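These notes are about the structure you will find just below.
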Amino acid sequence: MNDIKLAILGSEGVGKSALIVRFLTRRFIGEYASASECIYRKRLSIDGRQLNLELYDPCSQACEGKSTLNDQIHWADGFVVVYDISDRCSFSKAKAIVHLIRELNLGVAKRDADSLVFLVGNKQDLCHVREVRREEGQRLAAESQCQFYELSAAEHYQEVVLMFSKTVHNVSLGGGKAKE
Ligand code: GDP
Ligand code: MG
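Going by the working numbering, the final residue of the sequence shown carries number 252, and the count climbs one at a time with no gaps.
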């Protein structure tokens with residue numbers, strides 16, 4: 073597979089755009105507002121193979137013509153599901169998204185489905201106002217066969233890169249959905 077489509081999902085304000093922009097430009101942009109959903113494209117080489125990466129970033133506010141979560145899940149080969157460790161509601165939302173991905177991808181071979189979702193607890197720099205314990209994230213990831221990281225888009229550039237690279241690597245190994 074040479075084209076890899078990743079959807080970055082999660083509640084508004086958890087730092088999805090911040091993570092993507094950090095990965096693509098190295099920079100942390102504090103206020104990044106986009107009025108519409110968008111797809112970022114990047115060429116990258118992993119394990120000596122050239123890949124076209126597409127990153128789907130949902131729009132921040134309710135916007136016209138917004139695709140549904142189901143559409144986004146069907147579109148993507150892999151997922152980064154983000155919550156904010158200082159916001160319990162965002163964790164509940166992440167849990168619902170992970171479950172929906174599992175439900176909609178039931179047809180995908182078990183072996184392949186395991187590594188396609190990365191659960192990310194973002195804003196680790198806000199651990200003094202933490203509402204979601206690390207163990208809760210770990211448990212959800214283990215129950216749902218997701219990989220898991222806690223990190224900070226603001227402070228951990230290397231971890232952000234590692235997280236995206238691992239996701240791309242797993243999807244490129246053939247974990248993607250078989251396309252008719
Ligand atoms: P999105 O709606 O999920 O795309 O969230 P944004 O990327 O727009 O980020 C929402 C807010 O959270 C912005 O004010 C960001 O500056 C902030 N933010 C994002 N990542 C971090 C982080 O790792 N730490 C902290 N402290 N703030 C962050
Ligand atoms: Mg955004």
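A virtual CB, placed ideally from N, CA and C, is assigned to each residue, including glycine. In this text, all values refer to a predicted model and were calculated from it rather than measured experimentally.
In the DSSP assignment, what are the bridge partners of residue i?
| i | result |
| --- | --- |
| Gly193 | Tyr155 and Glu222 |
| Leu212 | Answer is none; Leu212 lacks a bridge partner. |
| Glu203 | Looking at the DSSP assignment, Glu203 forms no beta bridge with any residue, so it has no partner. |
| Arg115 | Asn124 |
| Leu78 | Leu127 and Gly150 |
Can you give the Cα-Cα distance for residue i and residue j, rounded to whole angstroms?
| i | j | result |
| --- | --- | --- |
| Phe163 | Leu234 | 22 Å |
| Arg183 | Lys77 | Low local confidence applies: a pLDDT of 43 at Arg183 is under 50, so the model's placement there is unreliable, and no value is given. |
| Val189 | Glu103 | 26 Å |
| His241 | Arg202 | 31 Å |
| Asn74 | Arg99 | 27 Å |
| Gln210 | Gln122 | 32 Å |
| Gly87 | Val154 | 8 Å |
| Leu191 | Ile92 | 15 Å |
| Cys131 | Cys110 | 7 Å |
| Ser224 | Glu84 | 16 Å |
| Ala90 | Glu227 | 11 Å |
| Leu141 | Glu126 | 17 Å |
Taking the alpha helix (DSSP H) that residue i belongs to, which residues open and close that run?
| i | result |
| --- | --- |
| Asn177 | Per DSSP, Asn177 belongs to no alpha helix (DSSP H) and is neither H nor E. |
| Arg94 | Lys88 to Thr97 |
| Ser237 | Tyr229 to Asn242 |
Apply the 10 Å Cβ neighbour rule to residue i and answer buried if 16 or more other Cβ atoms are within range, or exposed otherwise.
| i | result |
| --- | --- |
| Ser158 | buried |
| Glu222 | buried |
| Ala168 | exposed |
| Asn194 | buried |
| Cys218 | buried |
| Ser244 | buried |
| Ala213 | buried |
Heavy atom of the ligand GDP less than 8 Å from the Cβ of residue i, yes or no?
| i | result |
| --- | --- |
| Ser83 | yes |
| Gly87 | yes |
| Val154 | yes |
Residue i: beta carbon under 8 Å from a heavy atom of the ligand MG?
| i | result |
| --- | --- |
| Tyr104 | yes |
| Asp129 | yes |
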